[in-house]
Amino acid sequence: MKHLKPINIKTSRARKALSDTSFQNIRITFDYRFVDGELDTKLKCTKSDQVIKLNDESVYCTAYDILTKNKIDILKETLENVKSYFNKLIYVEPTMEEFEIKSQDQYFHYPEKQVAKNTDLYVTVIAISLGRDSISPAMGAAIVFDEFTQRPLQGLLLIDTKSIPDILEGQNTIPKYAFMSYVHEFIHILGFGGRLIEKFHPIGNYDPYPANESICHYTKHGVDFVVLTTPYAHIFAKNHYGVDEFVGDNGEKCKSGIHLETGGDSDFITLQHLEGRLFVDDIMVSINLGLRERENDIPVLSDSFQRVTDATLAVLLDTGNYKVNYTMASPLVWGNPESIDGKPIKDFADGPPQSVLPSHYSIGLFNNDDSTLFNYKGAGLAVLHPVGEAKCDDEAQMDKRFCRAKNFYNPAEYEYYGGSDIFDYIMMVRPVVMCPPDLVAIPGAHECYLYSCDGYNSVTFHVKLPNGSAEQLTCRSDKDEPLNFTKSDGTNVSVKCVNPEIFCRTIRLTEMKFKKNPFIDGVIHLDEKDQGKGPDIYPDFKDTRSTDDPENQEDDPSFFKKHQKYFIIGFIALGIIIVVTIIVIILVHRRSHLESSSAGLNDLQED
């Protein structure tokens, strides 16, 4: 997707007085005519082995790329759930007048003038094959902007036809891999991307921030960092890292903020996403962690690992175009002080990962568990490579950063390193299966268990034994004795204890939505104490949805009860899934395709 230029459209400067009442729920229009076939893209696959030209490259269609009525219906219904989600999450100053919709001829062409009315954001949806090797379900970007506010008015959303889900997906469905991928792309359409930072401005003032007040560069431990230093990014950093500034090797200083991705071998990745090393469980890192609903024709039913967190909200607020319903978002758990002991982790933002990460975050000297996720909500696999096989001299490989700054990436001189430069080579466990609500995974376990916390003093797990009986494992320390038993197939199991404070804090954060404004200085989410309203980012509104609203039905807790058996089946079948995942790892090892949910489409912003 290249050479699509941003277009500015003049709109009236007559605006309402800026107040909570001037911001209203965003109105979104999806144009499905190129999906339905009412309009022709000339890029649609109609038969297997058909060849289409996409950005001057040949793309070969497969049977999965053929759009059937069922696929079209599921795609449209899933995107309507995306629309509903953002309609509740995002507030804008309404667009008062109609505006012209533009074509982008290499992807779509409107045969006659098109005008958008009564909408704040118009999204043209195109369903095409992104190629046999594509592991991105979609790609999205803003293409038309309000000349006055610089808010996106029109976006382009490319849907990879072979990745359209088999069933309807939404905020609380299982699975929801495609839904969350579309959410990721929609956030790009809202203006999340490095090339658009120059357009960021304060809410209520449309003059962009000076360049030296929005982006800062510094070098530490020989590694170059890029930081978004706009106001809400700065508040986020103070709350998470406990510092007002970052200091580099040569004394250069940056106001603390949100680190942007500098890895990846594509401009789709660099500066278009949150830094993977620091924002593992946020939706806006460049890799959608977890398995798709269908891996090599094997169904995978599992909840989503990543979510919309305060890091993503900070960037959206700093565009200056939006206010947000923060109660629909969740805390970033990775590196969150409240997930450990309430105190910021020293040098977490820019220290060598092996030195600053809590021991349960990665495999190393103090942790040999290669299957439990850091947030105890599922199991997965670690993707590792021998250090001796690093391709340091191959510019086409992503190992070059690892080789040039081993004091940062491997100061402990381990024999293995993580397989992704997006996550700065951390030897972390990637999600395969997530536990259902109220159940958790712990080291050595092969199932999800019920648990109960006694404050932060102890935690008790209810472990089902092979003979059908249950036994309780109570942990007052991660040094306590494990629970050992033998499965019916002869496999020895040793369920290990965890640090109860870290576990109970982490689970509470992982399973919560925000109740407090996350941009209150020094906010504490695990404390019920009232800390005030905080910055004016969430317009008050009355939820008038009826109980018959499909979105309300989707939120019904009984949904999880109905599907809980699938979670259990998923864990029992973890061995099978791991075999399938090995195939995925082979793909991961193909470095050129590692950035699976890249989708920033910075090409759309190129001149």
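Heads up, the sequence shown is in UniProt numbering, so the first residue is 1 and it goes up one at a time. A virtual CB, placed ideally from N, CA and C, is assigned to each residue, including glycine.
- Task: Output yes or no for whether 8 angstroms exceeds the beta carbon distance between Val59 and Ser129.
- Result: Ser129 sits close to Val59, with the two beta carbons spaced by under 8 angstroms.
- Message: Report the start-end ranges of each beta strand (DSSP E) in the segment 376 to 444 that is 3 residues or longer and not cut off at the edges.
- Response: The segment 376 to 444 contains these whole beta strand (DSSP E) runs: 378 to 382, 384 to 386, 416 to 418, 429 to 434.
- For Glu471, the residue or residues it bridges with in DSSP: Its beta-bridge partners are Val463.
- Anyone know if the C-beta pair for Pro137 and Ser181 falls short of 8 angstroms? Yes; because the gap between Cβ atoms is below 8 angstroms, this pair is in contact.
- Message: So, with DSSP's three-state summary, where would you put Phe99?
- Response: Strand at Phe99.
- Query: From Pro535, Leu526, Asp521, Gln531, pick the residue whose C-alpha is nearest to that of Gly242; which is it?
  - Reply: A check of alpha carbon separations from Gly242 across Pro535, Leu526, Asp521, Gln531 identifies Asp521 as the nearest.
- Task: Report the partner residues of Met328 according to the DSSP bridge assignment.
- Result: BP columns for Met328 are empty, so no partner.
- Message: Would the segment 433 to 448 count as touching the segment 278 to 285 if we require 3 or more Cβ pairs under 8 angstroms?
- Response: Contact between the segment 433 to 448 and the segment 278 to 285 is absent: fewer than 3 CB-CB pairs across the two stretches fall below 8 angstroms.
- Three-state secondary structure (DSSP) of Thr62: In the structure shown, Thr62 sits in coil (DSSP, three-state: anything other than H, G, I, E or B).
- Continuous beta strand (DSSP E) stretch holding Met139: start and end: Its beta strand (DSSP E) spans residues 138 to 146.
- 8 angstroms contact criterion, which Pro175 and Ser302 should meet: CB distance rounded: Right, their Cβ atoms sit about 6 angstroms apart.
- What alpha helix (DSSP H) runs, 4 residues minimum, are completely inside the segment 157 to 228? The DSSP assignment places complete alpha helix (DSSP H) segments of no fewer than 4 residues inside the segment 157 to 228 at 177 to 189, in order along the chain.
- If you compare alpha carbons, which of Pro482, His240, Cys453 is closest to Gly342? The shortest C-alpha to C-alpha distance from Gly342 to any of Pro482, His240, Cys453 is the one to His240.
- Could you have a look at Tyr85 and say whether DSSP puts it in helix, strand or coil? Three-state result, Tyr85: helix.
- Task: Going by DSSP, name the residue or residues bridged to Leu274.
- Result: Within the DSSP secondary-structure output, Leu274 pairs in a beta bridge with Leu260.
- Message: As an exercise, report each continuous alpha helix (DSSP H) stretch of at least 4 residues that is fully enclosed by the segment 495 to 536, in chain order.
- Response: Taking only runs of at least 4 residues, the alpha helix (DSSP H) segments lying wholly in the segment 495 to 536 are 500 to 510.
- DSSP state of Ile287 mapped onto helix, strand, coil: Coil at Ile287, not helix or strand.
- Query: Alpha carbon to alpha carbon, how far is Ser452 from Leu54?
  - Reply: Using only the alpha carbons, I get a separation of about 54 angstroms.
- Own chain partners of Met512 with C-beta closer than 8 angstroms, once the 5 adjacent residues on each side are dropped: Correct list, in chain order: Ser330, Pro331, His525.
- Task: Give the secondary structure of Ile7 by DSSP, where H, G and I count as helix, E and B as strand, and everything else as coil.
- Result: In this structure, Ile7 counts as strand in the three-state DSSP scheme.
- Rounded Cβ spacing between Ala349 and His234 (contact assumed at less than 8 angstroms): Distance from Ala349 to His234 at the Cβ level is roughly 12 angstroms; contact not present, criterion being Cβ atoms closer than 8 angstroms.
- Item | C-beta contact flag for Ser339 and Thr506 at 8 angstroms | Yes, these two residues count as a Cβ contact at 8 angstroms.
- Taking Val123 and Glu100 to be in contact with their CB atoms under 8 angstroms, please state how far apart those CB atoms are, rounded to whole angstroms. That pair is no contact at about 15 angstroms.
- Message: With DSSP as the reference, identify every bridge partner of Asp454, one or two as the case may be.
- Response: Answer is Ser458.
- Reduced DSSP category for Val356 - H, G, I as helix; E, B as strand; rest coil: In the three-state reduction of the DSSP assignment, Val356 falls in the helix class.
- Just the C-alpha distance for His462 and Thr219, rounded to the nearest angstrom, thanks. Each residue's Cα considered, the two are about 48 angstroms apart.
- Task: Determine the extent of the beta strand (DSSP E) in which Asp310 is found, giving its start and end residues.
- Result: Judged by DSSP secondary structure, Asp310 falls outside any beta strand (DSSP E) and instead within the alpha helix (DSSP H) spanning 310 to 318.
- Three-way DSSP call (helix, strand, coil) for Pro482 in this model: It is coil, neither helix nor strand.
- Item | Given Asn484 as reference, the closest of Arg476, Gln472, Thr262 once Cα atoms are compared | Residue Gln472 holds the alpha-carbon nearest to the alpha-carbon of Asn484 among Arg476, Gln472, Thr262.
- Write down the C-beta distance between Phe514 and Tyr326 rounded to the nearest angstrom, noting that I regard them as a contact closer than 8 angstroms. For Phe514 against Tyr326, the beta-carbon gap comes to about 5 angstroms, under 8 angstroms, which counts as contact.
- Find out if the Cβ-Cβ distance for the pair Thr262, Phe225 is shorter than 8 angstroms. Between Thr262 and Phe225, the CB-CB gap stays under 8 angstroms.
- Query: Which stretch, first to last residue, makes up the alpha helix (DSSP H) that contains Tyr232?
  - Reply: First-last of the alpha helix (DSSP H) with Tyr232: 231 to 241.
- Message: For Thr486, tell me which candidate among Cys504, Pro466, Cys497, Gly194 has the shortest Cα-Cα distance.
- Response: The residue with the shortest Cα to Cα distance from Thr486 is Pro466.
- Taking only the alpha-carbon atoms, compute the straight-line gap between Tyr49 and Leu43 and give it to the nearest angstrom. Residue identity check: residue 49 is Asp in the sequence provided, not Tyr. Going by the C-alpha atoms only, they are around 13 angstroms apart.
- Item | Status (buried if at least 16 other CB within 10 Å, exposed otherwise) for Val51 | Classification of Val51: exposed, given that the 10 Å Cβ count is below 16.
- Put Phe56 into one of helix, strand or coil per three-state DSSP. Residue identity check: residue 56 is Asp in the sequence provided, not Phe. Taken through DSSP and simplified to helix, strand or coil, Asp56 comes out as coil.
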